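Asks:
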Amino acid sequence: MRRVLACVDASPSARAVAETAEALGELLRAAVDIVTVNEAGIVPDTLLQDRGPESIPVRALTGEVVPALLAELSSDEVIVAVVGARAVAAKTEVLGHIARKLLERSAVPLVVVPPTAVVPSKRPSVLVPLDGAVATDRAIVDMVGRLADFGVDLLVVHVLDATTMPRVIDTADDIRVLANEFGLRHIPTARHIELRLGDPAGEILDVIHRIEAEGAGVDAALIGWRQDLSPGRADVVRRLLREAAVPLIMVPIVEEQGS
Amino acid sequence: MTTWSVDFDVTPENRRRVESLTALSNGRFGTKGLLAAPDDIDRSTTVASGIFDGAPVPSLLRGPVWSAVDLGERRTEQATLDLRRGVLESTVRCNDAVTVRATEFVSRRRDGLHALMIDGWQPQRGGPPPLLTTTGPGERSLMVQSEVDDPHSDGESSAPANHPRTRFSVTSHRGAMTAAAAEWFDAGTTWRIAAMAAGSPGELDGLRQRCEHDLDEALAAGWAQLLEEHVDSWAERWAVAAIDLPADPDLERALRFTQYHLLSASDDSDECGIAARGLTGLAYRGHVFWDGDVFVVPALSAMAPDLARTALRYRFNRLDTARARAAEEGRRGARFPWESASSGVETTPTEARDLQGRLQPIRTGEQEEHIVADVAWALQDHLAWTGDDAFAEEVVQPVLIDTARYWDSRIDQEGEPPVGHIRQVIGPDEYHEAVDDNVFTNEMARWNLECAAELDAPSVSGEQDSWRRTAQLLVVPHRNDEGCHEQFNGFFELEPVMVDSIGTPPLPADALLGRDRIEQVQIIKQPDVLMLHHLFPDRMPPGSLDADLDCYLPRTAHGSSLSPAITGSLLARAGRLDEAVRWIEMAARFDLDDISGTTAGGLHLATMGGLWQAVTRGVLGLRPIKDGLLIDPWVPPDWGTITVRVIYHSTPVRIDASSDGLRVSASDPVALVITGIGPLREHHIEMSRTDAGRAWDRAHDQLMTGRSS
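As given, the protein sequences belong to chains A and B, one line each in that order. First residue of the first sequence: 1, per my numbering; consecutive thereafter. First residue of the second sequence: 260, per my numbering; consecutive thereafter.
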């Protein structure tokens, strides 16, 4: 049985995490399993207390939070997990320590839900920033395939730099051709491909803001990453976690031997 | 290794690019090369010249995919484009260690005929071959797979029986395309023949009948005959057009590759608008730009005048639409559109997103008016190559007259004494918009007026004085102290930023600097003033080519596919051969190396036409002038002997030129004008069968007579 695992605690972000997991479960035709971890192994009364009787019950795990959750994530049934980014929106850290540890160690894609996230709509759209690397494509192909199979609109963004931007642009249609070409090469099922030039994080955020301004909205972003938040790394991830009010589906990139 | 073929190792990364490079076209229909996999249908559709879909901004109508073959996983794939025969051969090694070999072509003899032979593969399903398609906005698509359909039911057809047929049709309010295909398997080989037809939506029934008839005839002829007549057709074309450059096999191959696609871009039907990407892809939506008139058609006028004529008729057939536009804008005469599709109305999009995601207005459709004179120039150049008086009277003259009328009404006469100005235009350099007195536009307009004023056309004799006067009144181009022409009024007042301060060209300077900034600086997109030296070398002030090259090359970003070839051509004219060769080689590799990153969307035919011109007009100084065929060679020593074949006034002419020799052969007498401006120290010139021709050696100021070889 395939499962979406939602990892909640007693913070205000629990509702968003649970609802995101439920939406994903419906989308991916997977069961939803909501877990919380504490030493007593009980579900606090205040946790998701205002959910109706038909809501998915919360399952309590005993032990230390991170090891317990990692053990759950190691199950073959879990195809994706959902965690809150941090407890309180006002905190300066982009990630709480639990979310950070899970992200750095999980082999399963994690959806990171910022405190201000809005639960995905009936027909969600997912923004997929791509760097064009083969390793990234390989990492996200399964998740992209599942999302596409279930009717999610995929919006690809690729940010060019001095080495990848075209040397010749005859007309504006060249941008469309390049974008189309990029999409077909990397995610043929993408509904929309946008090329940008500039700072990757800035341009990706600009795309999100522009789509929101147009009234369409982006429900989540899917990003492949190397699970390294050390200083100087993962700038795009940090900026999106800090500034994008959408859940981030973060898929680990595993480099092949010799690559 | 032969230089008559181009080999490709196909990988998932380069597949889409190779599909364009190996595109098969006969000028009427075009299809991507390589055997399409069943999930490739979205990009492997056949397109037909001049047949568009129903979208607000029309794009070529997507026709059937006729070469889809389900081979399962493809482990390795190689393809060879046989340029001489016009045939694509593929070898595919499949997952179960089966090797499949395929041969495909689009017939040059039979209008809509597509043929495929596959060794080592048998259709899985049996029955009719799939003709798959996708649909776009404004289309009705109908795909029918029929069971065995007895083509002998009426007792009249002689086609082989028991070949089940698939039929296809798609229509939009602008066009229709139909196809009928048959497939059969015998002794380890599968054959698939598809006949296609295209026209207006109201002709659908007739198109279907034509397909059935054409398929019947093709099946009766058989594969061997279809292939032979196709190959023979190509042999005829190459015999009078091929370029030989044995000292540089890579460049020779690239030149023939270029010629192959140029010759594939048009046919000898009633009309054929040559799109910027030809029929090799859907980039630019199949629209026609000045790419066709100024870059491709001149090459065809010399290599295959019948194909050029068809392309020029496309413009002539839309003269009424051009007249209507001029009238709507309060002008006289005819104004051709910057981007043209089926009807001849302006189809340039009005806005697009830039690489910062901002919607930007596109003004070329409104302001890039030099197209009016470009169309006239292409016609006049064709006449110079062909001497076709009948075409001159029927087609060239009306267009020259109406384009002259347009300029006569367009040019603002200001002041006393009046001076003519053309304000608020875009020249070839599209980085600078709404400029006044763009020298390229002005000088093209001046030539247009003067050319029309010299016509022997009694119907317009009353207007010709006005055209002459307007041409004289047009402001004289300003030149700076170095003798460099000012590209437009105020150009030299812009910030003198050179290209090397932002990178190494070619580069898209407008994307790097932004739209606002690029308009403030002197960086330009492509040759603008320099285009005048290419089109009208005799009208430019003596010595000005060097001044303009020195002025504008450091300012040129070459952010256009049209730029490298023309730059190479002019550097050759200026005797700067090393630089010329570098740019010519870049043009030759433009699509083969995918320099633009957009080859997957289709090949750059203007680059190809420009390359042919760089070798002929540039290196050989070869062009038709009033006194005959001018040859003024400046051949790089490393090139050894280059052989160029052209058709001049219906006579095939062969020119063999090196840095120290020139030989001209013609099947009939031709008038030659050979100058010694190039570095020929000794003229070793032989003429074959030109006893009645005259060769004038200006360097030695003596009249040479031809000697039979």
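Where a beta carbon is used, it is the ideal one built from N, C-alpha and C, also for glycine. The model shown is predicted, which means the values in this text are computed figures rather than measured ones.
Compare the C-beta of residue 146 of chain A against all C-beta atoms of chain B and say whether one is closer than 9 Å.
Replies: no
Asks: Could you tell me which of B:855, B:860, B:833 and B:862 sits nearest to residue 876 of chain B, measuring between CA atoms?
Replies: B:833
Asks: When the Cα atoms are used, what is the spatial distance from residue 769 of chain B to residue 597 of chain B?
Replies: 20 Å
Asks: Would you say residue 854 of chain B faces chain A, with C-beta separation under 9 Å as the test?
Replies: yes
Asks: Flag residue 14 of chain A as yes if its beta-carbon sits less than 9 Å from any beta-carbon of chain B, otherwise no.
Replies: no
Asks: Return the chain-ordered ranges of every beta strand (DSSP E) run that is complete within the region 18-89 of chain A and spans a minimum of 3 residues.
Replies: 31-38, 58-62 and 78-84
Asks: Terminal residues of the continuous beta strand (DSSP E) containing residue 206 of chain A?
Replies: Where residue 206 of chain A is concerned, there is no enclosing beta strand (DSSP E), although the alpha helix (DSSP H) it sits in stretches over 200-213.
Asks: Taking 9 Å as the CB-CB limit, is residue 766 of chain B close to chain A?
Replies: yes
Asks: Could you compute how far the alpha carbon of residue 524 of chain B sits from the alpha carbon of residue 540 of chain B?
Replies: Approximately 12 Å, taken between the alpha carbons.
Asks: Which residues share a DSSP beta bridge with residue 337 of chain B?
Replies: Its beta-bridge partners are B:268 and B:350.
Asks: With a CB to CB cut of under 7 Å and the five nearest residues on each side skipped, what residues in its chain are close to residue 69 of chain A?
Replies: Taking C-beta separations shorter than 7 Å and ignoring five residues to either side along the sequence, the partners of residue 69 of chain A in its chain run 7, 37 and 102, following chain order.
Asks: For residue 965 of chain B, which three-state DSSP category applies?
Replies: With a pLDDT of only 34 at residue 965 of chain B, under 50, the local geometry of the prediction cannot be trusted, and the value read off the model is given with reservation. Residue 965 of chain B falls in the coil class under three-state DSSP.
Asks: Relative to the C-alpha of residue 847 of chain B, which residue among B:557, B:866, B:920 and B:830 is closest?
Replies: B:866
Asks: Listed from N- to C-terminal order along the chain, which residues in the region 204-217 of chain A have their beta-carbon within a distance smaller than 7 Å of any beta-carbon of chain B?
Replies: 206, 207 and 210
Asks: Out of A:178, A:198, A:194 and A:162, which has the shortest C-alpha to C-alpha gap to residue 761 of chain B?
Replies: Just measuring C-alpha positions, the residue of A:178, A:198, A:194 and A:162 sitting nearest residue 761 of chain B is A:162.
Asks: Is the region 285-296 of chain B in contact with the region 168-184 of chain A, if contact means three or more CB pairs nearer than 8 Å?
Replies: Counting C-beta pairs with one atom in each stretch, the region 285-296 of chain B and the region 168-184 of chain A have fewer than three that are closer than 8 Å, which means they do not touch.
Asks: Could you tell me how far apart the beta carbons of residue 563 of chain B and residue 551 of chain B are, in whole angstroms, since I believe they sit closer than 8 Å?
Replies: Not confirmed; about 14 Å, so no contact.
Asks: Going along the region 183-201 of chain A in order, which residues come within less than 9 Å of chain B, judged by CB to CB distance?
Replies: 184, 185, 188, 194, 195, 196, 197 and 198
Asks: Spell out whether any CB of chain A is found under 9 Å from the CB atom of residue 811 of chain B.
Replies: no
Asks: So, with DSSP's three-state summary, where would you put residue 529 of chain B?
Replies: coil
Asks: For the region 166-183 of chain A, list every residue whose C-beta sits within 9 Å of some C-beta in chain B, in sequence order.
Replies: 166, 167, 168, 169, 170, 171, 172, 173, 174, 175, 176, 177, 178, 180 and 181
Asks: Measure from the C-beta of residue 819 of chain B to each C-beta in chain A and report whether the shortest distance is under 9 Å.
Replies: Contact of residue 819 of chain B with chain A is assigned, a C-beta pair being separated by under 9 Å.
Asks: Let me see if you follow: with CB-CB separation under 9 Å, is residue 275 of chain B close to chain A or not?
Replies: yes
Asks: Would you report the Cα separation of residue 29 of chain A and residue 451 of chain B, rounded to the nearest angstrom?
Replies: 43 Å
Asks: Does the Cβ of residue 176 of chain A have 16 or more other Cβ atoms within 10 Å, making it buried, or fewer, making it exposed?
Replies: buried
Asks: Run down chain B in chain order and give the residues with a C-beta less than 8 Å from the C-beta of residue 160 of chain A.
Replies: 614
Asks: Checking contacts by CB at 9 Å: is residue 786 of chain B closer than that to chain A?
Replies: no
Asks: For a contact meaning CB atoms closer than 9 Å, what does residue 543 of chain B contact in chain A?
Replies: From the beta-carbon of residue 543 of chain B, the residues of chain A found nearer than 9 Å are 170, 171, 173, 174 and 177.
Asks: What is the rounded straight-line gap between the Cα of residue 212 of chain A and the Cα of residue 218 of chain A?
Replies: 7 Å
Asks: Based on the DSSP output, what are the partners of residue 476 of chain B in its beta bridges?
Replies: Residue 476 of chain B pairs with nothing; no bridge assigned.
Asks: Give me the residue from B:438, B:611 and B:836 with the minimum Cα distance to residue 897 of chain B.
Replies: With respect to the C-alpha of residue 897 of chain B, the residue from B:438, B:611 and B:836 having the closest C-alpha is B:836.
Asks: So for residue 499 of chain B, helix, strand or coil by DSSP?
Replies: coil
Asks: Where are the beta strand (DSSP E) runs, 3 residues long or more, that stay fully inside the region 417-491 of chain B, in chain order?
Replies: 424-431, 435-445 and 448-458
Asks: Going by the CB atoms, is the gap between residue 712 of chain B and residue 733 of chain B shorter than 9 Å?
Replies: no
Asks: Compare the C-beta of residue 838 of chain B with all C-beta atoms of chain D and state if any pair is closer than 9 Å.
Replies: This model lacks chain D altogether, as its protein chains are A and B.
Asks: Could you tell me which uninterrupted alpha helix (DSSP H) segments, each at least 4 residues in length, are contained entirely in the region 574-605 of chain B, listed from first to last along the chain?
Replies: 578-587
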